[in-house]
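So the sequence shown is numbered by the working numbering: it starts at 383 and just counts up by one.
For glycine and all other residues, C-beta sits at the position ideal for the given N, C-alpha and C.
Presented below is the structure to which this report refers.
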Amino acid sequence: MTRPHRSPAIRTTAALLAIGAALTFVGCAKDSPEDNALPPVIVDITKIDGSTVQVAEGNVVDFTGDDKTFTDWTAKIQDPEIVEFTPGKDDGSAQFNPGLDALSVGETEVTLDNSTSGDSVTFTVEVTEPVD
């Protein structure tokens, strides 16, 4: 029995299909830790005074509830090793709420002050072990 001669076009097509299939399976591989990012902890800044906010290490807290003076909040953080403040901003194309980055496991008191409205809130942030 003789084998039929395959043209270079058929061999090329077969090779491309095999590569495409291999890449498809690579896309099905287990997600990397970066792909499993947690959603931010969203907190209404008008309701946070006197409360405790829990957030996993490596995650963020997003402060909502102030659509007018969100860029005017500043923070005093008792232990800046635990959380870091990110001010609100408006870059002309998008608005970004103020927030906190959870840097390390622990607990700290945070006071947010708004220079325009005169509002001030004080609360505790508890940074927990990251979720696997």
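Review point. Beta-carbon separation of V509 and V437 under 7 Å?
Key: On the sequence shown, residue 509 is found 127 positions in, with the first residue counted as 1. On the sequence shown, residue 437 is found 55 positions in, with the first residue counted as 1. Going by C-beta atoms, V509 is nearer than 7 Å to V437.
Check your understanding: When the Cα atoms are used, what is the spatial distance from A411 to D514?
Key -> Residue 411 sits at position 29 when you count from the first residue of the sequence shown. Residue 514 sits at position 132 when you count from the first residue of the sequence shown. In this prediction, A411 scores a pLDDT of 49, lower than 50, which makes its location untrustworthy; no coordinate-derived value is stated.
Point to revise | 7 Å Cβ shell around G470 - same chain, five flanking residues per side excluded | key: Locating residue 470 in the sequence shown gives position 88, counting from the first residue. Hits under 7 Å: F452, T453, W455, F478, N479 and P480.
Review point. By Cβ distance, which residues of its chain are closer than 6 Å to V507, with the 5 residues on each side in sequence left out?
Key: Here residue 507 refers to the residue found at position 125 of the sequence shown. The answer, listed in chain order, is V435, V465, T490 and V492.
**Study point:** Top-ranked residue by Cα proximity to V443, from S502, F467 and G474
**Key:** Taking the first residue of the sequence shown as position 1, residue 443 is located at position 61. Cα-wise, what sits closest to V443 is F467.
Review point. Where P421 and G500 are concerned, what is the direct C-alpha to C-alpha distance, given to the nearest angstrom?
Key: Numbered from its first residue, the sequence shown carries residue 421 at position 39. Numbered from its first residue, the sequence shown carries residue 500 at position 118. Taking the straight line joining both Cα atoms gives about 30 Å.
**Study point:** Contact set for V503: own chain, Cβ-Cβ below 6 Å, skip 5 residues either direction
**Key:** Translated into the one-based positions of the sequence shown, residue 503 becomes position 121. Exclusion of the five residues before and after V503 leaves I430, D431 and L494 as the residues of its chain whose Cβ lies within less than 6 Å of its Cβ.
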